[in-house]
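To keep things clear, I will list the structure first and then write my remarks on it.
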Amino acid sequence: MSLHRLASVIIGVPNVNETRSYYEEFGLTPDSDGWFRTTDGGRQLQVTGAPTRRLIELGVDVDDEDDLDRVAHNLHRLDIEFERTAHVLTSVDLTTGVKATLRVAPRRTQPTVPATAYNGPGRIDRAGRAPGILRTDRVHPRKLGHAVVGTTNLAASTRFFVEGLGFRASDFIKDKGAFLRCSNDHHNLLVLESPVTYLHHTSWQVDDIDDIGRGAQRMLEDHPERHVWGLGRHHAGSNFFWYLKDPAGNFSEYFSDMDCIVEDQLWTPEVLEGAKGLFNWGPPPPPSFINPDDLAGLMAGTHSMTQ
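Residue numbers (this note's numbering): 498 to 804.
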């Protein structure tokens, strides 16, 4: 795959300072210009002002100029406008308004984190106390994993990202969503059928299930209202998860142990129905996860802006 990384997201919110403080507490490292860094991924989140919360831009890395040429050809064939320089191509999904910026950049090799040792039936892989309960440092996400965006035209948005930009489909939620990837991770983008365009959540990789729990616990100690859903394990992607809510209403996910698709020929996309589209195990998802509490307000705001 010539696309090789979800490099960054830019999110728009009405309450910029409050939301920036949240993501610093979440474990991202702030720069002075509104960008936030992850441990392994560099500058991966920017929080900027917007009338309503939304995903403004996705940054995607490609290998070389030939990759941009192929994307330009695909977009031209689909009659989708784009702008091109030597090393950057930008285009907008007209349904969601999300700007995609593809940039020539070297591939990043993520540092290897030693596997967490777990004891099991007939298997002693560690002696003494579990490493996870001995950690006292703050949890800092390793990298940006994916973003989830609501779209009022699932087919059109899927076509833009797959046929236009070169994302690949990993799995589908029947009549509802498409899990798309621009790297070896199971998904870097999920487009969801929705009555309004909005950012559902961003997802951030941590070392293991212990760091998911430790990170969530720290975020909830003084703010239990931030809890959304977790702990659990998804079916699509297989990752462990815990979802929290930022001050603007976007969800943020700590995740670990995501499926990786190294060889396309060895992976068969599924069409998931019912609970499989949401999770494999865990507490039932709250209604607000499926239909966020501010969805009606977002719909009203969108309607008023079109009048």
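Glycine included, every Cβ here is placed at the ideal spot set by N, Cα and C.
Predicted, not measured: the structure shown is a model, and the values here were computed from it.
Exposure of I787, with buried meaning 16 or more beta-carbon neighbours within 10 Å: exposed
Run of the beta strand (DSSP E) containing D530, from where it starts to where it stops: Careful: D530 lies outside any beta strand (DSSP E) and carries neither H nor E.
S588 CB to nearest heavy atom of the ligand NAP below 7 Å: Looking for the ligand NAP in the displayed structure turns up nothing, as the structure carries no ligands at all.
Buried or exposed by the 16-neighbour rule on C-beta atoms within 10 Å, applied to K671: exposed
Which listed residue (S735, L769, Y751 and N747) has its alpha carbon closest to that of C757: S735
Alpha helix (DSSP H) segment containing E578, residue limits: Taken as a continuous stretch (DSSP letters only), E578 belongs to no alpha helix (DSSP H), as it is neither H nor E.
Whether L717 touches R723 by CB criterion (8 Å): yes
Reference D719; option with closest CA among E522, G509 and I508: E522
For M796, three-class secondary structure by DSSP: helix
Helix, strand or coil at S518 [DSSP, three-state]: helix
W726 burial status per 10 Å Cβ neighbour count (16 or more: buried): buried
The segment 574-593 touching the segment 609-622, judged by at least three CB pairs closer than 8 Å: no
Backbone CA spacing between D560 and W778 [nearest angstrom]: 37 Å
Simplified DSSP assignment, three categories, for H731: coil
Residue nearest to H731 in terms of C-alpha spacing, selected from D708, K773 and F533: K773
Inter-residue Cα distance where the pair is P638 and T549: 26 Å
Alpha-carbon to alpha-carbon, H570 and L728: 43 Å
Among I507, G539, G524 and G546, the one whose alpha carbon lies nearest that of V513: G546
Exposure of A797, with buried meaning 16 or more beta-carbon neighbours within 10 Å: exposed
Element boundaries [alpha helix (DSSP H), containing R567]: E562 to R574
L503: first and last residue of the uninterrupted beta strand (DSSP E) it sits in: L500 to V510
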